[in-house]
Each structure stands twice: as structure tokens, then as C-alpha cells.
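J.: Supplied in C-alpha cells, the structure appears directly below.
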Amino acid sequence: MGQSKLDLLQGTLDVMVLQTLEVLGPLHGYGVARRIEQVSGNQVLLNQGTIYASLVRLQQRGWITAKWGTSDNNRKAKFYSITKVGQKQLVKDAAYWQRLAGVMGRVLAMQGEGGKP
Amino acid sequence: MSYSLREAWNRVRSFFRSEELDHEVQQEMASHLEMAVEENLRHGMSREEARRQALVRFGGVEQALEQHRESRALPWVDILRQDLRFTFRMLRRDSGFAAIAVLILALGIGANIAVFSVVNTILLRPLPFRDPQQLLRIVEKDPKAGESSKTYSADATEDFEQQNRSFQSVSGYFAFTGPDNFKLVGNGQPTPVTGILVAKGFFETLGVEASLGRLFRSEEFLKHAQPVALLSYPFWKRRLGGDPSIVGKTINLSSTSVDVIGVLPDTFDFGSVFSPGAKVDLFVPYIMDDFRDDGNDLALVGRLNRGVTLAQAQREADQLWPQLYFEHKHPEYGKGYTGQVTELKEYVTGKLRRSLIVLWCAVGLILLIVCVNLSNLLLARAAARSKEFAMRRALGARRGRLVRQLLTESLVLAAAGGVVGLGLAYLILSYLAHQGSIALPLLAMVRVDGTVLEWTLLIAVGTAVLFGAAPGLRMSAGNLQEVLKDSGPGVTEGRKHDRMRSTLVITEIALACVLLVGAGLLLRSFLRVLDVDLGFEPSQAAAISVDYDDGGNAAKRAAIWNEVTSRSLMIPGVESAGISDNLPMSRNRSWGIAAKGEQKLDANSFVPVFVYIVSPGYLKAMGMRLMGGRDLTWDDVSSNRSVVIINETVARKLWPGQDPIGRTAVAGGMDAEVIGVIADVRETGAEDAAGAQMYLPATKQFGPEGANLVVRSKLPPATLETSVMHTLRQINPGQPATEFKPIQGLVDHATSPRRFFVLLVGTFAGLGLLLASLGIYGVISYSVTRQTQEIGIRMALGATQSWVQFDVMWKTLRLALIGVAVGISASLVVARLIASLLFQTAPTDPLTLAGMVALLGMVALLAGYLPARRASKINPMIALRTN
């Protein structure tokens, strides 16, 4: 691995979790963590344990709910799914991050008028 | 933002379900790890490698759990709990420090709570009546002649009540009630009680309702109505045992059967509002028709109509009062009152505002000194703990976390101080509330209430922040290396610490100096007040209220008075005895006096004059000084001679530069011959100049209002009481068991507000001095301990004991001198602010200033002497060997 991994920005993990649950439906903590790792192409620095703080926070805000269930290989696990409120929040957050990403992209693409610095 | 609310709620809930949630998430994490291991196994890892990889990817389980807790519950509460646990451990280990800190704080906070309660009761809290801001007191504009000119006649009151448009109602009470004016005859000995006559609508105007029974009805204010009475709550509770069926019962009041119609509520304390220090037992109707000939005797209170301003009411009063007649039956007496309306609250407490604010500031200074002192103590501890804190920072504690820990310690100390202080204040207040002898309005209502508790909380937290912040920041700030280096063995500690502590001590001395000078000036004023020539000798005289029945016959009364005085004179130890209807510095009334001459007299010729109806011998018994002429004789009385004794003020006003003896005056509507002149008597209080006074014999012409027997004797009043009472009972078996009161008590009562303030400010100053000396001692003692080795070396090199001692003392003196210099400059400013509270004392009174500086200097030197002696006793060998 040539490059070091990306540090997660404040609040980004919550959005990732919401998006994952929105797309994939009910999922347990391990599933969420793995999916984020896979989608990011192993680019983010994520201690999988951190996911639980995010999950409980989202749950307490009423954006996701949790239910005990059984996993594919018959293991007891807590399954999380996104709520209506959570979906609305996700729309808002996604728009925000996209705008931010766009702005960052444009700013960093800016060229000095006198040519290359 | 509804989610943040929901989150907050859930956090609180989670906080209380901590264990359950921990268990759940641990289960979750366990299955998480198992799933990870399984997946790794599927990828062909060995069991061991699969487990290792799973754990690595998971990160620390403990950290994850901790993060989980932080994001689900109330992490600050957990931190607080840790801090508290640590604080209690620290304080237990250092219990001496904790005890001293809590004690100092308790004194400072307790004094503040007590003073705040008094200020709150007297100044801040509204009067305990309905809509008190609508209540006004109406008095004459220039109340020169004591109570009489603060009152109005029955006719004028009725006229004003009917004609005004500003007030919903105007009512009043009879202003000349002395204590124990009725006697209650029940089973056993008759007991004296105090009853106030109130005019129609008095309680309705104030908005007071009966707690049992009812208030007076209008027909009960008519002549010959069935006598009725309302009882005060304490009287009903104490004297009648709180009898719940008292309403409708009859009591015997001064030989009249009176129906009890109701009991007033506990919250209504007439004395504390209208007559500070007096206890009132019951109320009876003031029947206008009985008083129409008696001149001014109603003290008026009015309730403004909604929407009427004070200025409007004043304009109307200015218009109406001058047109009102003194007496309808005698229009020739003329008309023309004045009326000044003042908010009742302002009237009752306005004069005290400045004193109370001074008191409040003084006690605030004490709190500041306490803070400075504790800062100092904490700094000393900080020095001892600096290594601990450096170590904790080196191990990764954030600065904020350390400050928080230190503030928690301060808060715990302040809270403990606050609780003990509250207890202290409670004791002081219950004592004050039962001091009838302090003539401060509303003081009887002082108590610890919600506002006081809020104030306690506020000052406790404020104090904690104030004394905790500086040492906290300082301790957590220092350069790590420097601290670790600094506290190594054999190195004298950095000078920075030292300078800060010295500054604090100087501040403390300066504050104490301000307090001392203020207290000194007030004390000197008080001594001046005690030194005032009162015009009579209060010591060795005592008075008792005498009951008799003369059936309205002047000759019979003269005979009784004669018998009472002459038999009193026969009691062994009694030097002189006499009777007067009014005593100085208690109640008063005034009439007019004029010099009879060629010109016709009009209303302007009369000087308002305090009037006393007295027996022969009274002047001598009171220790008044006859400046010319003679005293009354029994012959004057028995032959109904119209004579008068005047004081020097009257003589000066009516016959300036001439001898008044033998001249004729018009006194109380009669021609009377001036037979004597006495030295002025301070009538209303030691601090007020004497007014005009005259003394008349109790003849047909001049009716007394009750009788006080004054007895002068070298024996203490307590030993005389039995024989005097025995004599009075022989003359009149119905004589109630009234108290035999030293005349000094009247003077003390009049000077009690000043004594109260002096005592409190003096106590605070003493406390300030003590704290300042503790501060000095602490700093000097600490520096001696720290420099033990240095001193040892110097002594080894030949410094003598006295030189070492001198050196330490000089250091002390330097601190004290700077502190006093700062303090004196501040004191001069403060003294000017309290100038109006001083009596015959200049704010720059050199004696006081010098005295206080000397006192402060002496205490400072004493505080420095102990460490200095210890320094001089240092054995160089031992000091050096311990290195």
C-alpha cells in the first residue's frame, strides 16, 4: 500500500452508514463495516469497532432502528434498518456532501492565471 | 431540530441503563468478531491468523466500547463522577486543609447569606401586602413636631377620604398607642396587652384578610357599638393557646367585655412595618366620634386607584389638604394641612437603604478576602502538587481536563462551605428575627427563603470560580520541563509563584484595611452618639406603667399620683420618683405653645411643642437638669394652678434673650405661668437635635395619656421590681404585671439600628483582619520553610539569629506596608461614600485612620513573628545535612 489511508472527516461515517443501509436494506454492524470498506476500495482508515458508536448515535437520533435477528450463518446479530426520518436526513446530507465535494473539486482544479505555479 | 431533543432524551435514558446497554453492545461485538473470523477462515487463513486479523481490523474492543458509551450517554457526568471521587480522596488525605478551607468559606458565605437575607427582607422584597406598590403613606410635609405632625385629625381624615379621587381608600391607625395600653383580665393576674386602634377600612386598604373569623364591620366604628377586637396571630397562638373556637368568645379588656371577631394571619406583623420592634397583641376599632376633639392622632395609609401615579396623588394632596379644617366643631381653629405622599415601602425602609448597602458591600469585601485567602492556600498546595500535575500532563492529560479537575475541587469546597454557611446564617437569622430590641423595620420577618437559597448557590459557585480559577490555570499552565526541574531537590522554587502569592496577600491586607477603617469610623460615630448629652440620665432609672381608675376625676387622679409617688419614695433604695404620661424616646405627642403678650395670637404664633403631663419629682427622677426656676409641687396640682415648665429651646424661641420665668405662655389652649426652664432633652433619638418641649402638671386642665412611674435608685431594677409592684398592687389590686423597664432600654432601643450596623461591620472587619493575618502567616511561613537551607547556609556563613529574624520580619512589614498604602487610599474614597452615615466624625478622622493602621501593622507583625522566630531557630547543621 503506497498511500496512507484517508482519515474520516467528522460526520462522514454517519452518512456512509445511512447510505449503506438505504441501499442494502437491513444489515448488522459487521455487514455495514465490511460494505463500507469494500465500496471505499479499502481507502478509508476505519477501525470496525468505531461503527458501533455511529450506529448507536444514529439510532438515538431516530434515523435508524435496530432489531435482534439471525444472520445467514445462523448467528445472533442486531440488524439495523433506515427509518423514514433517516431517509430524509440522508437526502439532505448527501446533497451537502455532494456540494462540498463539487466545491472542493473546483477550488483544487483552479489554475493560476500566469500558467503553472 | 427535533432529533437533538430526542437524542438528548435518549442519552439521559441510556445513562441510567448503562450496564444493560454495555452488555448488549458487547454481545454485538462478539458476534461481529466471530463473523470476521469466519470470513477470514473462508479466505484460507489459519484459525490463529484469522482471529488476529479480525481483532486488528476491529481496533481496540475497550476503545470501541468507550466510544459507544460516549456517543450514547452523558460522558461529562462520568467525568464528573471521577473528578468527585478523586477530590474526596484528596481532601480526606489532606483533611486539615479541607477543614480550614471549609471553615473560612463557611464564615464568608454564612455572613453573606445572613446580610443578604436582611437586605432582601428590608430593601428588596415588597411589603407583605396585596399590590404593595399601590400603598402610600401620607404625612405632613415638615414633620417638625414628631408624631403629631405626621398625623391628621379625625375630621380632616374623613374629609380627605371623601373628597380625594386618587385613592381607592384611605385609612389609618391611632399613632399614640404606648405599649401595654390595655390590661387583659382573665383567670389569675391581669396581664398587660398592646392594642392598636385602627380606623375603618385599615385592613382592607392594606389587603390583609382575617385568617379566622372576619374583619371589622362599618357599624362597629360607630359610637356605643358593641366593643370588638381582632387578635394578632402570635397573641392568639401564645396567650390563648391557638384556641380554634376563639371567634365569638368574649375577653375582658380593661374592664370592658370585648367580642373576639377574628384572628389576623401569621404574615401580618403590624409592628415590623409601622413601629419597628414593637409587638402588637390585638386591634380594636378607632371610633371617630370619640376622637373628634383630640387633635391630630391618625397615621394615614392610602391605596392608590389603578393607573394613578405618585405625582398625580401628590398634586391632589397639595390641592386638598390646605383646605381641610382641623375640627368641624371649631372652624375658628382654622384649616391648612399639608400632605406628602410617599410609597409605604420607601417610607418604612428608605432611610436604611444606604446603611444596608454599606453592610452589603462590607460583607462582599469579606467574601473577596475569603477568596483571596483560599487562592493563597490552594497556591501553596499547588506548589506541593505541581509534580503530580506535570506527571499527569506528561502522561497525556489535556489542560482543560486538569483545570476541570481543579475546579471540581474548588466547587466541592465551596459547596461544603455553602452548606455550613447556610446553617450558620440560619442561626444568625433566627436570632435576629427574635430581637425585638432592634428597631429595624421588617427584621422580624427575616428568614431563609427561596431567594436566599438562590443567592447562596450563586455566591458559592462564584466563590469557587474566583478562588479556584487562578491556581487552576497556573497549575496546569507551567512548562512541563520547568516544573519537573523546579521541584527537584535542593533547588529553590521559582520566584513566579512567590510573587503571585505576595500580590494576593497585599490585596488581602488592603481589603482588610478598607473594612477596618470603615468599621472604625462607624464605631467612632457610635461612641460619639453614646456620648451625646441626652438631657437626662438614663442609667439608674427605671419605669413601670401604672394602672389606676380615676373615673375621669382630676382631683382623684392627683390623689392617686401623689400616693403612688410618695409610697414609692418610701421603698428602701429609691432616691426619687415621679410620674409622666410619656417618656423620652418612646411615643410622643405635640401641642402648641405661644408667648402671651400685647399682640393678638394667631395660628403662626404657636410653636409646635412636645408635651408631657408630669408629677412633681419626675424631672429629678429622670435626671433632667433644671436651668432656672423650680420644679412642680403637689401644691400646684392640688390648687389647680396653671403652670408650665419649658425647655431651653422654647425659652429661646418665645423669649429670646430674656428670662422666661414668671412670664405667661399659652400652652395647650390655656394661659400658664412659666415656673421653670430645663436643659433640652433629646426627644426622638440621640442623633436628632432636641425639639421644643413643655411639662405640665396633671391638673383639671391637662389630661395625661396613661402614667409611667419613674424611679431612680442605685439598686438594679430587678431587685426593686418586686417591692415596686407590691406597692402598686396595694394601691390598686388590678395593677397588671407590667414590666419594670430600665430607662437605658429606651435609649438602647433608639440607638439600636446604629449598634446593629456597627456590630456587624465591626465583626466583618475583625473577620477580615483574622483572614488577612492568616494569609500573611501562610505566605511568610511557607517562604521560611522553603528557604530553610538557604537560611542555614547564611547562618553557617555568620548571619546572626536576630539578623535572620529581622530579615523575615522586614519581609512581612514590606507586604503589610504596601497593603496598607493601597488600603488607605481606597479607604479614603470609601469613607467619603459613607460620610452620611457618620455622626460627628469626619471621614478622614486622623485618629481612626492612625488607629486602624497601627492595629493592622501590629497584627501583621505578629503574624510574621512566628515564622521569623522559627527561621531564627534553624540549626545550620541540620538544615544543611538534610540536603
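So the sequence lines, in the order shown, correspond to chains A and B. Position 77 of the first sequence, counting from 1, maps to 61 under this note's numbering, and the rest follow consecutively. Position 873 of the second sequence, counting from 1, maps to 913 under this note's numbering, and the rest follow consecutively. Even glycine gets a Cβ: it sits at the ideal position worked out from N, Cα and C. As the structure is a prediction and not an experimental result, all values here were calculated from the model.
(1) Does the beta carbon of A959(B) come closer than 7 Å to any beta carbon on chain A?
(2) Cβ closer than 8 Å: which chain B residues qualify as neighbours of Q82(A)?
(3) Can you find a CB in chain A that lies within less than 7 Å of the CB of S71(B)?
(4) Taking contact to mean at least 3 C-beta pairs separated by less than 8 Å, is the region 642 to 661 of chain B in contact with the region 747 to 754 of chain B?
(5) Using a Cβ-Cβ distance under 7 Å, would F56(B) count as near chain A?
(6) Here's the rule I'm using: 16 or more other beta-carbon atoms within 10 Å means buried, otherwise exposed. How should E47(B) be labelled?
(7) Where does A423(B) land, buried or exposed, given buried means 16+ other C-beta within 10 angstroms?
(8) Tell me whether D723(B) sits in a helix, a strand or coil according to DSSP, three-state version.
(9) Near P624(B), which residues of its chain fall below 6 Å by C-beta distance, leaving aside the five closest residues on each side in sequence?
(10) Report the start-end ranges of each beta strand (DSSP E) in the region 55 to 98 of chain A that is 3 residues or longer and not cut off at the edges.
(11) For the structure I just gave you, are there three or more beta carbon pairs, one from the region 894 to 903 of chain B and one from the region 832 to 847 of chain B, closer than 8 Å?
(12) Mind checking which residues open and close the alpha helix (DSSP H) that includes L811(B)?
(13) Between the region 111 to 131 of chain B and chain A, which residues of the former have CB atoms less than 8 Å from a CB of the latter, in chain order?
(14) Pop quiz: Q352(B) and S206(B) are said to be a contact at Cβ under 8 Å. What is the actual Cβ separation, rounded to whole angstroms?
(15) Could you tell me whether any Cβ in chain A is nearer than 7 Å to the Cβ of G99(B)?
(16) Using a Cβ-Cβ cut-off of 8 Å (strictly less than) and excluding sequence neighbours within five positions of Y817(B), which residues of its own chain qualify?
(17) For the 8 Å Cβ check, are there 3 or more pairs between the region 227 to 247 of chain B and the region 774 to 792 of chain B?
(18) If you measure between the beta carbons of S620(B) and V614(B), is that distance less than 7 Å?
(19) Can you give me the C-alpha to C-alpha distance between G342(B) and A196(B), rounded to a whole angstrom?
(20) Which residues in chain A sit within 7 Å of L91(B), going by Cβ to Cβ distance?
(21) Select from the region 5 to 37 of chain A all residues with a C-beta closer than 7 Å to any C-beta belonging to chain B, and list them in chain order.
(22) Is the distance from the Cβ of K385(B) to the Cβ of L167(B) below 7 Å?
(23) Quick one: measure Cβ to Cβ for V35(B) and D675(B), integer angstroms, because I've assumed they're closer than 8 Å.
(24) Are W47(A) and G13(A) close, meaning C-beta to C-beta below 7 Å?
(25) What whole-angstrom Cβ distance do L252(B) and G302(B) have, given they're in contact under 8 Å?
(26) Where does R343(B) sit, in a helix, a strand or coil, going by DSSP?
(27) When you compare only the Cα positions, how much space is there between A265(B) and D334(B)?
(28) Any Cβ of chain B within less than 7 Å of the Cβ of G53(A)?
(29) Tell whether a beta-carbon distance below 7 Å holds between F222(B) and L271(B).
(30) Within 7 Å of any Cβ in chain B, is that where the Cβ of Q44(A) sits?
(31) What does the alpha-carbon distance come out to for the pair A583(B) and I327(B)?
(32) Ordered along the chain, which non-local residues of its own chain (more than five positions away) have a Cβ less than 6 Å from that of E577(B)?
(33) Which of the residues in the region 58 to 87 of chain A, read from start to end, lie with their CB under 7 Å from any CB of chain B?
(34) In the structure shown, what three-state DSSP assignment does L45(B) receive?
(35) Would you report the Cα separation of L896(B) and V860(B), rounded to the nearest angstrom?
(36) Can a CB atom of chain B be found closer than 7 Å to the CB of V40(A)?
T.: Looking at the atomic coordinates:
(1) Residue 959(B) cannot be examined here, being either before or after the span of chain B that is shown, 41 to 923.
(2) None at all; the shortest Cβ gap to chain B is about 21 Å.
(3) yes
(4) yes
(5) no
(6) buried
(7) buried
(8) One detail in the question is off: residue 723(B) reads as Glu in this sequence, not Asp. If DSSP states are grouped into helix, strand and coil, E723(B) belongs with coil.
(9) V721 and E723
(10) 60 to 66
(11) no
(12) I783 to R826
(13) S111 and R112
(14) 6 Å
(15) yes
(16) A903, G904, L906 and P907
(17) yes
(18) no
(19) 14 Å
(20) The identity of residue 91(B) in the sequence shown is Arg, whereas the question assumes Leu. In chain order: nothing, as chain A lies at least about 14 Å away.
(21) G13, Y14, N31, Q32, G33, T34, Y36 and A37
(22) yes
(23) Given that chain B is displayed from residue 41 to residue 923, the structure contains no residue 35(B) and the question cannot be resolved.
(24) no
(25) 6 Å
(26) strand
(27) 20 Å
(28) no
(29) no
(30) yes
(31) 30 Å
(32) G663
(33) R59, K60, A61 and K62
(34) helix
(35) 8 Å
(36) yes
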